[in-house]
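Trainee: Protein chains in written order, with my numbering: chain A, 1 to 139; chain B, 140 to 278; chain C, 279 to 417. Idealized CB from N, CA, C, for every residue including glycine. All values derive from a computational prediction rather than experimental measurement.
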């Protein structure tokens with residue numbers, strides 16, 4: 001049986017937002033067996049990633065790295081009308097990806113001990129982000 | 140029920156090629172319900188990504204960025220026999236990925252308003268690229 | 279029908295480890311029809327990628343590139359307690375991803391001729407890596 005829904009993720013500007021608990025709860029309400037979870041972020045300036053959920057410095061360092069890798073320097077880009085953070089946001093989204101597939105075992109996400117699911121907001125302003133959530137459960 | 144097929148994507152060298160319409164049509168012919176779409180690019184020098192389908196400058200800037208991030212400089216690489224664009228093409232493929240999973244709702248891809256599906260050709264020469272398309276539809 | 283299991287991948291430190299044969303065998307033992315394979319790496323410092331399986335120089339060049347792209351320079355990072363290779367390992371994992379979805383046709387992975395599946399170990403030390411493997415087979 002297939003389930004489909006949407007998660008709303010409010011962001012307060014750039015950063016990684018932990019959505020693991022929200023996702024795990026949605027899954028647990030629908031299956032206690034084997035399943036396949038798919039997440040899909042419906043934006044071109046925010047992405048999804050799996051990373052360490054323990055030391056917040058890891059998340060901060062990831063963000064700093066992307067600031068340097070894809071700089072907010074309008075001279076590098078043609079598409080600048082939507083602000084200096086827009087084109088870097090698109091490129092960071094391409095580099096990190098908008099979809100995740102995670103197997104589910106006995107109703108639980110098979111994440112490793114230190115893994116969390118993050119929405120990676122690449123714009124400076126607060127946004128309401130929308131993530132499609134799909135579950136293929138056993139009938 | 141599972142459906143499997145192949146999309147042929149002719150490219151005219153480096154660039155991002157919008158395959159959204161072709162994918163959406165293939166899906167619509169097979170389901171009008173909830174489903175899970177998987178795309179898999181069978182190459183090591185072309186990839187798949189989801190990006191903005193509105194301002195073509197975004198796509199052009201993405202391409203320019205990757206030219207700088209992974210330069211065509213043979214002194215950086217050992218594998219140079221297949222031409223200066225080959226090794227950068229492999230690395231750009233690793234950075235952008237060869238597979239996408241997109242949920243389907245009432246027969247339609249759940250893409251956001253500004254999202255398109257692109258094949259990212261990383262070689263200079265024209266190629267025929269082959270993408271496996273898989274759909275898990277409700278029975 | 280859904281199948282779920284785990285692959286253990288011992289690594290000897292940094293590098294790309296070809297797990298294609300191990301994955302293909304697991305799949306072939308469970309289906310000879312159409313299916314969808316999902317792999318999920320349960321770590322934040324090792325990832326999964328699909329790349330060329332022919333010239334080993336390609337794999338070596340990919341590794342060299344990531345050493346330069348995400349340098350082991352502690353002055354760049356706040357999270358340095360776990361060693362100079364730890365924070366770069368997290369970032370390289372974000373850039374390359376922890377999950378793969380590959381359609382299966384008549385019991386065989388639909389990989390292209392030159393594609394192999396690799397676990398990308400980003401830490402210097404040897405590790406036992408754990409990959410969840412999920413198969414949606416036709417009933």
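Quick one: does residue 221 of chain B have its CB under 8 Å from some CB of chain A?
Mentor: As a working note, residue 221 of chain B is residue 82 in the second chain. Closer than 8 Å: no.
Trainee: With respect to the alpha helix (DSSP H) encompassing residue 93 of chain A, which residues constitute its N-terminal and C-terminal limits?
Mentor: Along the first chain, one-based indexing puts residue 93 of chain A at 93. Looking at the DSSP string, the run of the alpha helix (DSSP H) that includes residue 93 of chain A is 86 to 96.
Trainee: Please report the straight-line C-alpha distance between residue 234 of chain B and residue 65 of chain A, rounded to a whole angstrom.
Mentor: As a working note, residue 234 of chain B is residue 95 in the second chain. As a working note, residue 65 of chain A is residue 65 in the first chain. In a straight line, the C-alpha of residue 234 of chain B is about 15 Å away from that of residue 65 of chain A.
Trainee: Near residue 111 of chain A, which residues of its chain fall below 8 Å by C-beta distance, leaving aside the five closest residues on each side in sequence?
Mentor: In the first chain, residue 111 of chain A corresponds to position 111, counting from 1. Once the five neighbours on either side are set aside, the close Cβ partners of residue 111 of chain A are 20, 50, 102 and 117.
Trainee: Residue 150 of chain B to residue 293 of chain C, Cα distance in whole Å?
Mentor: Taking the second chain and counting its residues from 1, the one referred to as residue 150 of chain B is at position 11. Taking the third chain and counting its residues from 1, the one referred to as residue 293 of chain C is at position 15. Approximately 32 Å, taken between the alpha carbons.
Trainee: Compile a chain-ordered list of the residues in the region 178 to 202 of chain B whose CB is closer than 7 Å to at least one CB of chain A.
Mentor: Within the region 178 to 202 of chain B, the residues whose Cβ lies closer than 7 Å to some Cβ of chain A are 188, 189, 190, 191, 194, 196, 197, 199, 200 and 201, listed in chain order.
Trainee: Taking the C-alpha atoms as reference points, what is the distance between residue 119 of chain A and residue 129 of chain A?
Mentor: Here residue 119 of chain A is taken as the residue at index 119 of the first chain, counted from 1. Here residue 129 of chain A is taken as the residue at index 129 of the first chain, counted from 1. If you take the alpha carbons of residue 119 of chain A and residue 129 of chain A, they lie about 9 Å apart.
Trainee: Against chain B, with Cβ distances strictly below 8 Å, would residue 91 of chain A count as a contact?
Mentor: Here residue 91 of chain A refers to the residue found at position 91 of the first chain. Output row for residue 91 of chain A: interface = yes.
Trainee: Kindly list the residues whose CB is nearer than 8 Å to the CB of residue 138 of chain A, restricted to its own chain and excluding five residues on each side of it in sequence; keep chain order.
Mentor: To locate residue 138 of chain A, count along the first chain from 1; it is residue 138. Same-chain partners within the cutoff: 1, 31, 33, 34 and 35.
Trainee: Following the continuous alpha helix (DSSP H) through residue 407 of chain C, name the residue where it begins and the one where it ends.
Mentor: Working through the third chain from its first residue, we reach residue 407 of chain C at position 129. Unbroken run through residue 407 of chain C is the beta strand (DSSP E), 405 to 415; no alpha helix (DSSP H).
Trainee: Would you give the residue range spanned by the alpha helix (DSSP H) that residue 321 of chain C belongs to?
Mentor: Reading the third chain from its first residue, position 43 is the one you call residue 321 of chain C. Careful: residue 321 of chain C lies outside any alpha helix (DSSP H) and carries neither H nor E.
Trainee: If you run the structure through DSSP and keep just helix, strand and coil, what is residue 3 of chain A?
Mentor: Indexing the first chain from 1 puts residue 3 of chain A at position 3. Residue 3 of chain A: strand per DSSP, three-state reduction.
Trainee: Mapping the DSSP letters down to three states, classify residue 206 of chain B as helix, strand or coil.
Mentor: Numbered from its first residue, the second chain carries residue 206 of chain B at position 67. Reduced to three states, the DSSP call for residue 206 of chain B is helix.
Trainee: What are the boundary residues of the beta strand (DSSP E) that residue 102 of chain A is part of?
Mentor: Here residue 102 of chain A refers to the residue found at position 102 when the first chain is read from its first residue. Unbroken beta strand (DSSP E) run through residue 102 of chain A: 99 to 105.
Trainee: Mind the definition here: the region 44 to 61 of chain A touches the region 352 to 367 of chain C only if three or more C-beta pairs lie below 8 Å; say whether that holds.
Mentor: Yes, they touch.
Trainee: Starting from residue 20 of chain A, trace the alpha helix (DSSP H) in both directions and tell me its first and last residue.
Mentor: The residue given as residue 20 of chain A occupies position 20 in the first chain. Per DSSP, residue 20 of chain A belongs to the alpha helix (DSSP H) from 20 to 28.
Trainee: Residue 381 of chain C versus chain B: which residues are under 7 Å apart at the beta carbon?
Mentor: Translated into the one-based positions of the third chain, residue 381 of chain C becomes position 103. 143, 177, 179, 271 and 273, listed in chain order.
Trainee: Name the chain E residues whose beta carbon is nearer than 7 Å to that of residue 253 of chain B?
Mentor: The structure shown contains no chain E; the protein chains it does contain are A, B and C.
Trainee: Tell me residue 399 of chain C's beta-bridge partners as DSSP assigns them.
Mentor: Residue mapping note: residue 399 of chain C aligns to position 121 of the third chain, counting from 1. DSSP lists C:293 and C:324 as partners of residue 399 of chain C.
Trainee: Any C-beta of chain C sitting closer than 8 Å to the C-beta of residue 31 of chain A?
Mentor: For the purposes of this step, residue 31 of chain A is taken as the residue at position 31 of the first chain. Chain C contact via Cβ: absent.
Trainee: Quick one: using the 10 Å Cβ neighbour count with 16 as the cut-off for buried, is residue 90 of chain A buried or exposed?
Mentor: On the first chain, residue 90 of chain A is found 90 positions in, with the first residue counted as 1. The residue is buried, with at least 16 neighbouring Cβ atoms inside 10 Å.
Trainee: Can you find the residues in the same chain that come closer than 6 Å, C-beta to C-beta, to residue 107 of chain A, ignoring five residues on each side of it along the sequence?
Mentor: The residue labelled residue 107 of chain A in the question sits at position 107 within the first chain. Closer than 6 Å at the Cβ level, and outside the excluded window around residue 107 of chain A, lie 28, 31 and 32.
Trainee: What is the DSSP secondary structure of residue 359 of chain C, reduced to helix, strand or coil?
Mentor: By one-based count along the third chain, residue 359 of chain C stands at place 81. Reduced to three states, the DSSP call for residue 359 of chain C is coil.
Trainee: Would you say residue 257 of chain B faces chain C, with C-beta separation under 8 Å as the test?
Mentor: One-based indexing of the second chain puts residue 257 of chain B at position 118. With 8 Å as the cut-off, residue 257 of chain B does not count as an interface residue toward chain C.
Trainee: Does the distance from the CB of residue 323 of chain C to the CB of residue 402 of chain C come in under 8 Å?
Mentor: In the third chain, the residue the question calls residue 323 of chain C occupies position 45. In the third chain, the residue the question calls residue 402 of chain C occupies position 124. Going by C-beta atoms, residue 323 of chain C is not nearer than 8 Å to residue 402 of chain C.
Trainee: Exposed or buried, what is residue 71 of chain A when buried is set at 16 or more other beta-carbons lying within 10 Å of its beta-carbon?
Mentor: Within the first chain, residue 71 of chain A is the residue found at index 71, counting from 1. Exposed is the call here.
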